[in-house]
Each structure stands twice: as structure tokens, then as C-alpha cells.
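Undergrad: Going line by line, the protein sequences match chains A and B. The opening position of the first sequence corresponds to residue 33 in the working numbering, with each subsequent residue numbered one higher. The opening position of the second sequence corresponds to residue 13 in the working numbering, with each subsequent residue numbered one higher.
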Amino acid sequence: MTLFFQATAEGLALGAVYSLVAIGFVLIYKAMDVLSFAQPALAVVGAGFISSLAVDRGIPFWIALILGILITGVLSLLIERTFLRPMVGEPVFSVAILTIGIDILLRTTLDNWIGLNPRYLGDPFPSFGNFGSITVSGVTLKYLEISAFFTAVLSITLLTLFFKKSKYGVAMRATSYDQEAALAQGIDVGKIFGLVWFIAGILASLAGFFITGGFNTLTQFSFISALRALPAVVIGGLDSIPGAVVGSLIIGLTQGYVAYFQLNIEEFLGFSIGSGFSLVAPYLIMFVILLFKPDGLFGTEEVERV
Amino acid sequence: MRGRPNLYTDYKKESAIFANLTQKFWFSILVLTSASLVFFASNYWILLLTTAFLISIAAWGINIVSGFAGQISLAHGVFVGIGTYTASVLGGIATTSVIGYQILGYELDMIIWLPLSGISAALIGLMIAPISVRLKGLNLGLVTLALVFIASHLFSNLKPITGGAGLGRKAAKLVLLGFDFEQGVNLGNFILEKNQLIYLLSLALCIFAGLGVKNLTRSKTGRAFSAIRDGDIAAEAIGVSLYKFKSFAFALSSFYAGVAGSLLFSVSGGVDPGTFNLLYSITFIAIVIIGGAGTVLGPLFGSLFYILFPGAIQTAMHAFGDTGQSLALSTGQIERIIFGLFIILFLIFEPRGLWGIWFRLRNYFKAWPFSY
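1) Where in the region 33 to 66 of chain B do unbroken runs of the alpha helix (DSSP H), each at least 4 residues long, occur, reported from the N-terminal end onward?
2) Just to confirm the assignment, what range does the beta strand (DSSP E) spanning residue 108(A) have?
3) What residue from 144(B), 152(B), 98(B), 154(B) has the CA that sits closest to residue 127(B)'s CA?
4) Based on the DSSP secondary-structure assignment, which residues constitute the bridge partners of residue 166(A)?
5) Is it the case that the Cβ atoms of residue 359(B) and residue 319(B) are separated by a distance below 8 Å?
6) So that I know if they touch, is there some Cβ in chain B lying closer than 8 Å to that of residue 119(A)?
7) If I measure Cβ to Cβ from residue 264(B) and keep anything under 6 Å in the same chain, skipping five residues before and after, which residues do I get?
8) Flag this pair as yes or no: are the beta carbons of residue 312(A) and residue 88(B) separated by less than 8 Å?
9) Between residue 10(B) and chain A, is the shortest Cβ-Cβ distance under 8 Å, so that the two count as touching?
10) Taking Cβ-Cβ distances shorter than 7 Å, what residues in chain B pair up with residue 126(A)?
11) Specify, as a first and last residue, the run of the alpha helix (DSSP H) that residue 80(B) falls within.
12) When we look at the beta-carbon of residue 177(A) and count the other beta-carbons within 10 Å, is it buried (16 or more) or exposed?
13) Taking the Cβ atom as the reference point for each residue, do residue 90(B) and residue 342(B) lie within a distance shorter than 8 Å?
14) Three or more beta-carbon pairs under 8 Å between the region 251 to 268 of chain B and the region 344 to 355 of chain B, yes or no?
15) Are any of the Cβ atoms in chain B nearer than 8 Å to that of residue 64(A)?
16) Give me the Cα-Cα distance between residue 88(A) and residue 68(A), rounded to the nearest whole angstrom.
17) Name the DSSP beta bridge partners of residue 182(B), please?
18) Quick one: what's got a C-beta closer than 7 Å to residue 29(B)'s C-beta in the same chain, skipping five residues either side?
19) For the 8 Å Cβ check, are there 3 or more pairs between the region 234 to 248 of chain B and the region 93 to 107 of chain B?
20) I think residue 149(B) touches residue 124(A), with their Cβ atoms under 8 Å apart; what is that distance to the nearest whole Å?
21) Establish whether the CB of residue 326(A) and some CB of chain B are separated by less than 8 Å.
22) In the structure shown, what three-state DSSP assignment does residue 312(A) receive?
23) In terms of alpha-carbon separation, which member of 204(A), 307(A), 175(A), 106(A) lies closest to residue 62(A)?
24) Do residue 141(B) and residue 24(B) count as a contact pair if the criterion is CB distance below 8 Å?
25) Between 41(B), 286(B), 381(B), which lies nearest to residue 181(B) when the distance is taken from Cα to Cα?
26) Taking only the alpha-carbon atoms, compute the straight-line gap between residue 330(B) and residue 57(B) and give it to the nearest angstrom.
27) Report buried or exposed for residue 5(A), applying the criterion of at least 16 other Cβ atoms within 10 angstroms of its Cβ.
28) Under a Cβ-count criterion, where at least 16 other Cβ atoms within 10 Å of its own Cβ denotes burial, should residue 207(A) be classed as buried or exposed?
Next comes the structure, spelled out in C-alpha cells:
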């Protein structure tokens, strides 16, 4: 039973991290009808900024963290202005491929900087030893995981408040509902696009920090973890923020359970499902769910005119 | 007819593979020049061109399913992989770690495994096809993305077939109708070596594949594909069977990929299952976009560009006496950055790709000295 709780705890923490990236995906998709494959790259680039500031430059961790996150937000804003703006109104798929191009650019530059050795992201509490952990009745909880969970909850709450109460949040909702009508009402849609990318960049880099922080370290393969937010979004539905959160939790928990119970599953099935299956399981789930619900669990069904 | 090359008096003439004698003439000149390159070009360029031809076959495949039929597939590299492994199991040498299929102590002939690798990829493509009937647009792209990860997991874990991640296996042996490519052919004093023979083989396959695509565009099937791309509900309403044609598009595209994959790694000798990752699949999409999606010549332009451009960069760097050490980025990284940039720039400035540039150039000279 301890194993089960351990898997659940880790799964929830993972899910929380994925949900940060996933919400960025959904925000961009809702506002601009763009599926941004660059989001996972932004997450690791954010981690790269933090590491470079905190470790290479020796800036105090907390300042480096905030600076790194803001820089990623601005970078994401710049990407929108330079590459995405000329593509407004183009077919969805062309823009998606364009973001793959951005992803290649970002990651090649980052990989070159990372090199072969893993990069650490700095540590605000040296006494704990890389964020440390506590043990609650046999279940080891890393502080990093706990803080990831609470950061995600906090971000989601703040975002919800932002959409409900703030002027820009309402403008954003209006834009995602109908761009032209929003424009006619005096909303600066271009500004909203920029703001959406800025927020998405911030969320991505937060996730990037939790993916690569502590002992996880930033390597050239960290990107693969961030990319797993994609099945989460798809499961939840591309245009639903609650869907993104639920999808992320499903993905996180699946990954946690499969990682811990792979031996039992293999025993049950009677054949080996291969090492590292927990990393593929999310995609398998996405595959199955899309077959039954093509628009995801919470997504609105697409109505098409001929 | 003379002097009025754009006057078509019947539909059959307009839809002919070669519109007029001039095109036929230049096409044969092009084929002859490419074939005679084996006598002139250095081994390095021969290898690059061989790869480019094979990649263009695979790129035509994804152009059929994405460019003509409008079904987004991010998993094209997977089908290339299936072709590769079918070929290496049927025509490759068995070792203690990997299996190979033998009859009377000999590996199977290319005449058997080349079509079979295409067919096996096509069968897997057919299995994917029902999904494409149910989903469309981005969602289909995302499902195929899942396929990439599932397939690369399988590839790295099916050790008897693929050799396992990081180790890989040898690709198929090139024996065509009992003739081993390793032996080479003597033409007087000139010896055609293995690489040059593969070059000729891939050139021939590339021509066949290209003519096949051209032929497809003028057939009923090709028109059905375009109808599905331009509006699948409308296509269904006028009697195009979505299930049938989407499945056919996937099968045909996978067949092209499989055939390309079966030979692609025989050039370099071995294949590692890690090759068929997400980036590999995306490469094909990028090639089609750079070349020009939905056109016949586009994928060929795109893959020539994709393969020869790095070669050109390296030649240029050697010419400047630079071995690449002094730069901040390695040549591979420069290639990838330029590649990424080209995807972006082509999508923004020339969505019709290299073919679009070619089209405008051709029209410019056709109408010269007038600008209209």
C-alpha cells in the first residue's frame, strides 16, 4: 500500500508540473487557434536561463528564478511578435509546423549550451541537499514535488481569478470567443496575443524549473518530459483549461503507477512491455482516448460548415 | 500545335505525364545526366545524391497523404522504420543478437524484400487508416505523434529484430537477382562500385516513384484525394468514399516510405532504432514544406535541398579553410538551425516552397521580356 501512495504522490506532482505546460498550450490554442509545439522547448529554455543565472553567473537563487522566468516570458512574447504574427489567419496546421521550426531553433541552441554534462539549477536550501525530502509513514515526498503541486494549484487559482476579475482576463476570454467581434469592441487583439504568449512562457518556464530542478538536472533529454504535457492537453481537450488540468493529472498518475507497478503489470500480461514503458504509457492513453472522444474529454466539439 | 504549347485540344493531352516533346526531351536529358554522374562525381556527392533520391521517395509518400489527401501524419518516419526492419530481417544477415530470414543458407533477394518492405509498411498504414477516418486535422496529427513514441518504444525493445537501442543492426544485403552489389561491375577499365550501383538503383526507383506520383495526380484516385483535402464533408456528399480513399492514401504513403526505408540504411550499412524518433518524422514534413506541399516536384526539390545543403555548407567551410572548430556551433548544429529557420521562413514567405520559386522563375522566363 505504501508503494501505491508513493506512486500516487509522485504521479500527482508530475501531473501538477504537466498542468503548468498544458495550461500554456490551452491558452495559446484558445486565443489564437495555434497548437504551439514550441511550448516544451520554452520550458527547458526557461530552466536553462535559471541555471545559467544561478549557477554560471552566481546570482542568488531566488532572484535567478524570477529573472529566468521573466526572461522566458519575454522570449515567448518575442517569438509571437516575430514568427507567429505574420501567420495570423493561415491554416492551423501550417502554424503548428512553424512552431516545430521554432522548437528546433530553441532546442538546438539550448543543447549546444547544455553540452554533455547535466546542468544543475541551483539550490536555495543547501542544508536539505537539493531540496530534500520528508517521509510521511513510509512515503517519501520530495519538497520539490510538494512545492510543484502547490505552485500549480496557486497558478491555476491566480489564472482563474485573472480571467474572472481582471480587465485583460475578460478581454482574453472575449478574444478566444471571437477575434473579430473582440476587435470591434475595442480590444487590442494583438496585445492579447502577446499577453497570452507571455503568460504561457512564464508557466512553461515554471514547469521547466520543476522538471529539471534538484537532482533531476537539465540535460538534452529533459525536453522529452516537458513534451508529455502534449498528451495531457489532448486528453483534456485542446480548448479547455479544466480539461488540461484533469488530463495532466491522468498523465502524471499513469506515469507514476506504471513506473512503480510495471513488474506487476508484466506478470499479469505474461510478457515484457519493455524498459521505460512508463514514458510511453501517456501516449498510449492519448491514443485510446482520442479514438473514443476525438475532441478530448472536455473539449468542445468542432462544428464544420461545408 | 507548333508554337502554341499551351493550347490543349483535349483532356487527355492536358493531363498527359509529359505535356509536350520539349518536356520529354529535357526529362531524358536530366535522367541521362544524373545517370552519367556515376562516372564523374566523387564518392561523397554520390552518397549524398543517393540519400537524397531515397529520401525523396519517402517524402513523396508523405506528400501523398498530407499534401494531396490532406491527412496530417507526424509518423512518417515510423513507416520508413518498418520498411527498414522488414528489409533487414528478410535480407539481412542473422547474428547471435538479431534474426534474419534465410532460405538454403542465403539471405533473400532484393527482388523479394524490396516490395515486401513496402507492403508491410502499407499494411501497418492500413491499420492506422481507420483512425484517420474518425479523426481529422490537428487531432489526427496528435494521434500520429503518439504513434511515433509508441513505435520508437517498440523499436528499441524488440531486440531480436532491431538490435536494441544504441546497438542497432546491419541493414539488408544488396543482392539483386543473384548479383551481389559488393562485387561491383567492370565497364572496361572503369569499375562501378557498390555505392555507384546503389546510386543507379535509387535513381531508377526515384524516377519510377516520381512518375507514379505524377500519374496519381491525374487519376480518379488523385482527384478523390484532392477533394478530400479541400473539404472532406463535401467530398463525401458528392460520393467520394472517405473510408476507402483515406485508407488508400495512408497505405500508398506508407508503401513509399517502406520502399525508401528498405534501402536508405543499406548505404551507410547499419541502423540504430534511435534513428526513428520524432525529429526524423518531422524532417519529412519539413522537406515537403520546403519543397512545396501538394506538388509533384516539390518533395524532390525539398529532399535534394535538405541533403545537399549540408554538403554545400561543409564544402564552403572547407573552401574557407575552416574545419568548424573555431565556430561556437558544430556543423551539425548549424545545419539544424538553418533547417529550422528555413521551415519558418518558407511557411511565412513562400508557402508553396521551392516549387513555388521554380514556378515563378519559369513563368518569368516564359513571359520574358514581359512581366505578365
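We put the CB at the ideal spot given by N, CA and C, even for glycine. Everything numeric in this text was worked out from a predicted model, so none of it was measured.
TA: With the given structure in hand:
1) 33 to 52
2) Run containing residue 108(A): none in the beta strand (DSSP E); it sits in the alpha helix (DSSP H), 93 to 111.
3) 98(B)
4) 173(A)
5) no
6) yes
7) 76
8) no
9) Past the boundaries of the shown model lies residue 10(B); chain B is included only from 13 to 384, so the question cannot be answered.
10) 359, 363
11) No alpha helix (DSSP H) contains residue 80(B), which DSSP labels as neither H nor E.
12) buried
13) no
14) no
15) no
16) 30 Å
17) 282(B)
18) 223, 226, 227
19) no
20) 7 Å
21) yes
22) coil
23) 204(A)
24) no
25) 286(B)
26) 15 Å
27) Look at the range of chain A in this structure, 33 to 338, and you will see that residue 5(A) is not part of it.
28) buried
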